[in-house]
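Student: Below are the structure tokens for one structure; questions will follow.
There are 2 protein chains.
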Amino acid sequence: MKINSEWKLLGLIRERIKDFGVLQPPDITAPLTDDCAVINTCIANALISTDISIENVHFRREWATPFEIGKKAMTGNISDILSMAGIPRFAFVSIGIPRNIDTEYVLSIYDGMLDACDAAGVYISGGDTSSSENIVISITIYGAARGCGPVYRNGAKPGDGIFVTGRPGSSLAGLELLKSGDQDKYPSLTRRHLNPPCRIGLIDLIVNKYAPSAMIDISDGMLSDLGHVAEASKTGYIIELDKLTVEPELLFFCEMTGRTAADYCLASGEEYELLFTSNHALDDSFFDGIPITRIGEITRNGRLLKRGGLIVEKDLHGFDHFKD
Amino acid sequence: MKINSEWKLLGLIRERIKDFGVLQPPDITAPLTDDCAVINTCIANALISTDISIENVHFRREWATPFEIGKKAMTGNISDILSMAGIPRFAFVSIGIPRNIDTEYVLSIYDGMLDACDAAGVYISGGDTSSSENIVISITIYGAARGCGPVYRNGAKPGDGIFVTGRPGSSLAGLELLKSGDQDKYPSLTRRHLNPPCRIGLIDLIVNKYAPSAMIDISDGMLSDLGHVAEASKTGYIIELDKLTVEPELLFFCEMTGRTAADYCLASGEEYELLFTSNHALDDSFFDGIPITRIGEITRNGRLLKRGGLIVEKDLHGFDHFKD
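Just so you know, the sequences run in chain order R and G.
One gets the numbering used here by counting positions in the first sequence from 1 and adding 1206 to each.
One gets the numbering used here by counting positions in the second sequence from 1 and adding 1206 to each.
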């Protein structure tokens, strides 16, 4: 079925949300029907973030299924709430769709978004649709701050440990494999690029055990995002490259490319791993098989990378959409 | 200057917002820098709405200045908050920009948005940027409900009067003039399409004097939007075509096209006039030169148009993005 009516499509999207078995939370009224969603804000702080995903910039139809496209777009937004220690609650989805795209394709994008929402307790509460030359997915997400308050980027202090969840690096390798048409060689790497998880399952542990002083999610790349923390906190950092852990398949991939796993680990964006600082004298831990690794320390100034006790300077940057 | 860095562009946008002389409201922290804006929600109900504007669907670069494009996109969002009797407060702006567009052009879009925000007391609190094939502007707006609570679409009751602000109709005429290249013939009509006002100046009066039972803004077209109210309220309506008032220039334009001014008034979308129902026995009023006109009545069922006491049936619909 081709999309020939905006209102019909909106009706189908509403049905899909209901069919998914999502119960409307009690603190929202008028979702998806009036001009605005109405949220009863019996919480001290609301966290709001917005992200836009555009076809051929953030995703390609020939690389990802519509389910994966929708899931990743929503996951990135949920991760933004987690990165400030918030509880994700409501999402608002605007979508632009080319006229020649099938309704089922659009609903599969929503299925992917709903899958990510389901895992995080998020309710799609409003949105807009339009025709468009390329697929555009713009999501605004609303979260509640925890009792501890939001965790900002600017709270890192010299002496704080720098911690990272998971094993970043694979997403960039997966992207390179997709670009070169070799996606089947290392399926776990491409899967990681197309289906990155967010750390909804770790956030309670991080907040309660580490009491993070600053936090960010790795969306631009570890070095870029740590740079954001250092800049906001007016500090420096030392990263110990020997502490970085990556997926085993990335090591095999690196033998082929001749670059180091650390290169990928530091530069890889769209990972949605959490990077945080903490003054608790904690070392590495594991939770549900996911490592939380102490990879370095916040310093007064300077941005240094160490390997085997020696300082190595690097100049790696995250992906910048407008870079030539 | 061409856009070659997303972060540089974000920095320029932040500066533009500061240069505009906007003071950061006390109930928001971490705007434009962290992953989320943090809003202190000392209000009972938050209203959130989102709208997407896409080049060549909602606007054309050859018709409108970047200032007009930005202003109209923001005005439509502000209007969504007004249509539920809310107080617009914060906006989150995601923008997709083709690589060959000049930075000054993008900042002019923001100037237009800031101009609309300034008139309504709205603060741009966050956003995202991306490259894109066409210009995409996705805005999510956050408002506070008034003490009276939000006014929904579903509150209309049989016997309520139907009221409309301003003189809708010109926007559609302006669009037709732009499409046919005759935009200079009736400049006030094209101006109305490119620069529609929203009714921030009337909303206090409407809420206090009329206590609206249902309200909506005219974005799809008067008949479509009244249809949304009737459907949600499970009622019908009678519109008295003789009561519809339009801009004088629209009458001259209609002599040329052979269609009636009522045709334009009922079908014209993107007007951002408010349409509301009220059981207060009030007749027409004027405020700052803007009429509030009683154009009909909510009934138990049926959708009727009357002219000179006679019933005329019509089947006019608002603009639908996916219609063939």
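Even for Gly, the Cβ is constructed at its ideal location relative to N, Cα and C.
#1: Can you pull the DSSP bridge partners for E1446 (chain G)?
#2: Taking only beta-carbon atoms, is I1260 (chain R) less than 8 Å away from chain G?
#3: In its own chain, which residues sit with a C-beta less than 8 Å from the C-beta of G1160 (chain R), not counting the 5 before and 5 after it?
#4: Suppose you measure from the CA of H1434 (chain G) to the CA of V1357 (chain R); what does that come to, to the nearest Å?
#5: Tell me whether D1410 (chain R) sits in a helix, a strand or coil according to DSSP, three-state version.
#6: For M1290 (chain G), which of helix, strand or coil comes out of DSSP?
#7: Using the three-state DSSP reduction, which class does N1190 (chain G) fall into: helix, strand or coil?
#8: In three-state terms, what does DSSP make of T1371 (chain R)?
#9: Starting from the C-beta of I1293 (chain R), find all residues in its chain whose C-beta is less than 6 Å away, skip the five residues before and the five after it, and write them out in chain order.
#10: Kindly indicate the opening and closing residues of the alpha helix (DSSP H) around V1435 (chain G).
#11: The alpha helix (DSSP H) spanning E1453 (chain R) covers which residue range?
#12: Does any residue of chain G bring its CB to less than 8 Å from the CB of A1252 (chain R)?
#13: Provide the residue(s) that pair with L1480 (chain R) in DSSP beta bridges, ordered along the chain.
#14: Using 8 Å as the Cβ pair cut-off and three pairs as the minimum, do the stretch 1313-1329 of chain G and the stretch 1425-1433 of chain G touch?
#15: Hey, could you find the ends of the alpha helix (DSSP H) D1317 (chain R) is sitting in?
#16: Identify the continuous alpha helix (DSSP H) that holds D1469 (chain R) and give its terminal residues.
#17: Looking at the structure shown, is I1341 (chain G) part of a helix, part of a strand, or coil, going by DSSP?
#18: Going straight from the alpha carbon of I1309 (chain G) to that of T1271 (chain G), what length do you get?
#19: To which residues of the same chain is A1325 (chain G) closer than 7 Å at the C-beta, ignoring the five residues directly before and after it?
#20: Going along the chain, which residues of its own chain have a beta-carbon closer than 7 Å to the beta-carbon of E1274 (chain R), five neighbours each way excluded?
#21: If we ignore side chains and look at the alpha-carbon of each, how far apart do F1493 (chain G) and N1414 (chain G) end up?
#22: Give the residues from the stretch 1316-1342 of chain R that approach chain G closer than 8 Å (Cβ to any Cβ), ordered along the chain.
#23: So is L1457 (chain G) buried or exposed if we call it buried at 16+ other beta carbons inside 10 Å?
#24: Would the beta-carbon of E1479 (chain R) fall within 8 Å of that of P1374 (chain R)?
#25: Does the stretch 1340-1348 of chain R come close enough to the stretch 1481-1490 of chain R to have 3 or more Cβ pairs within less than 8 Å?
#26: Around the C-beta of P1418 (chain R), are 16 or more other C-beta atoms found within 10 angstroms, so that it is buried, or is it exposed?
#27: Quick test of the definition: if touching needs 3 or more C-beta pairs under 8 Å, does the stretch 1441-1453 of chain G touch the stretch 1331-1338 of chain G?
#28: I1496 (chain G): which of G:T1281, G:T1451, G:G1464 and G:Y1470 sits nearest, CA to CA?
#29: Using a Cβ cut-off of 8 Å (strictly closer), state whether S1314 (chain G) contacts chain R.
#30: If you run the structure through DSSP and keep just helix, strand and coil, what is E1274 (chain R)?
#31: Report the rounded CA-to-CA distance for A1436 (chain R) versus Y1470 (chain R), giving the unit in angstroms.
#32: Is there a Cβ of chain R sitting closer than 8 Å to that of V1435 (chain G), yes or no?
#33: Please report the Cβ distance between F1369 (chain R) and I1501 (chain R), rounded to the nearest whole angstrom; I am assuming they are in contact, meaning their Cβ atoms lie under 8 Å.
#34: The alpha helix (DSSP H) spanning G1380 (chain G) covers which residue range?
#35: Determine the chain B residues that contact G1302 (chain R) at a beta-carbon separation under 7 Å, and present them in chain order.
Tutor: Taking the coordinates as given:
#1: Taking the second sequence and counting its residues from 1, the one referred to as residue 1446 (chain G) is at position 240. Paired residue(s): G:K1512.
#2: Taking the first residue of the first sequence as position 1, residue 1260 (chain R) is located at position 54. Closer than 8 Å to some Cβ of chain G, the Cβ of I1260 (chain R) qualifies, so yes.
#3: Because chain R here runs from 1207 to 1530, residue 1160 (chain R) falls outside it and cannot be looked at.
#4: For the purposes of this step, residue 1434 (chain G) is taken as the residue at position 228 of the second sequence. For the purposes of this step, residue 1357 (chain R) is taken as the residue at position 151 of the first sequence. If you take the alpha carbons of H1434 (chain G) and V1357 (chain R), they lie about 42 Å apart.
#5: To locate residue 1410 (chain R), count along the first sequence from 1; it is residue 204. Here D1410 (chain R) sits in helix by DSSP.
#6: The residue labelled residue 1290 (chain G) in the question sits at position 84 within the second sequence. Three-state result, M1290 (chain G): coil.
#7: In the structure as shown, chain G begins at 1207 and stops at 1530. Residue 1190 (chain G) is therefore absent and cannot be evaluated.
#8: The residue given as residue 1371 (chain R) occupies position 165 in the first sequence. In this structure, T1371 (chain R) counts as strand in the three-state DSSP scheme.
#9: The residue you call residue 1293 (chain R) lines up with position 87 of the first sequence. G1349 and A1350.
#10: As a first step, residue 1435 (chain G) must be located in the second sequence, where it is residue number 229. That run of the alpha helix (DSSP H) goes M1428 to S1439.
#11: Translated into the one-based positions of the first sequence, residue 1453 (chain R) becomes position 247. Segment: none, E1453 (chain R) is in no alpha helix (DSSP H) and carries neither H nor E.
#12: Position 46 of the first sequence, counted from the first residue, corresponds to residue 1252 (chain R). Interface residue, yes.
#13: Your numbering for residue 1480 (chain R) matches position 274 in the first sequence. In DSSP, L1480 (chain R) forms a bridge with R:D1423.
#14: no
#15: In the first sequence, residue 1317 (chain R) corresponds to position 111, counting from 1. Per DSSP, D1317 (chain R) belongs to the alpha helix (DSSP H) from T1309 to A1326.
#16: Walking along the first sequence from the start, residue 1469 (chain R) turns up at place 263. Where D1469 (chain R) is concerned, the enclosing alpha helix (DSSP H) stretches over A1467 to A1473.
#17: Indexing the second sequence from 1 puts residue 1341 (chain G) at position 135. Coil.
#18: Locating residue 1309 (chain G) in the second sequence gives position 103, where the first residue counts as 1. Locating residue 1271 (chain G) in the second sequence gives position 65, where the first residue counts as 1. Correcting the residue identity first, residue 1309 (chain G) is Thr in this sequence and not Ile. The straight-line gap from Cα to Cα measures roughly 14 Å.
#19: Counting from one through the second sequence, the residue named residue 1325 (chain G) turns up at place 119. Contacts found: I1406.
#20: On the first sequence, position 68 is the one that residue 1274 (chain R) refers to. So the list reads G1318, L1400 and N1401, once near-sequence residues are dropped.
#21: Start at 1 with the first residue of the second sequence, and residue 1493 (chain G) comes out as number 287. Start at 1 with the first residue of the second sequence, and residue 1414 (chain G) comes out as number 208. Cα to Cα, the separation comes out at about 13 Å.
#22: S1331, G1332, G1333, D1334, T1335, S1336, S1337, S1338, E1339, N1340 and V1342
#23: Along the second sequence, read from residue 1 onward, the residue named residue 1457 (chain G) stands at position 251. Flag for L1457 (chain G) reads exposed.
#24: Position 273 of the first sequence, counted from the start, is the residue given in the question as residue 1479 (chain R). Position 168 of the first sequence, counted from the start, is the residue given in the question as residue 1374 (chain R). In this structure, P1374 (chain R) lies closer than 8 Å to E1479 (chain R) by Cβ.
#25: no
#26: One-based indexing of the first sequence puts residue 1418 (chain R) at position 212. The residue in question, P1418 (chain R), is buried, as its Cβ has 16 or more Cβ neighbours within 10 Å.
#27: no
#28: As a working mapping, residue 1496 (chain G) is identified with position 290 in the second sequence. Closest by alpha carbon: G:T1451.
#29: Reading the second sequence from its first residue, position 108 is the one you call residue 1314 (chain G). Answer no: the Cβ-Cβ gap between S1314 (chain G) and chain R never drops below 8 Å.
#30: One-based indexing of the first sequence puts residue 1274 (chain R) at position 68. It is helical.
#31: As a position in the first sequence, residue 1436 (chain R) is number 230, starting the count at 1. As a position in the first sequence, residue 1470 (chain R) is number 264, starting the count at 1. Their backbone Cα atoms lie some 21 Å apart in a straight line.
#32: Residue 1435 (chain G) sits at position 229 when you count from the first residue of the second sequence. No, because no Cβ of chain R sits closer than 8 Å to the Cβ of V1435 (chain G).
#33: The residue given as residue 1369 (chain R) occupies position 163 in the first sequence. The residue given as residue 1501 (chain R) occupies position 295 in the first sequence. At roughly 7 Å, the Cβ-Cβ gap stays under 8 Å, so F1369 (chain R) and I1501 (chain R) are in contact.
#34: Counting from 1 along the second sequence, the entry for residue 1380 (chain G) is found at position 174. G1380 (chain G) -> alpha helix (DSSP H) spans S1376 to S1386.
#35: This model lacks chain B altogether, as its protein chains are R and G.
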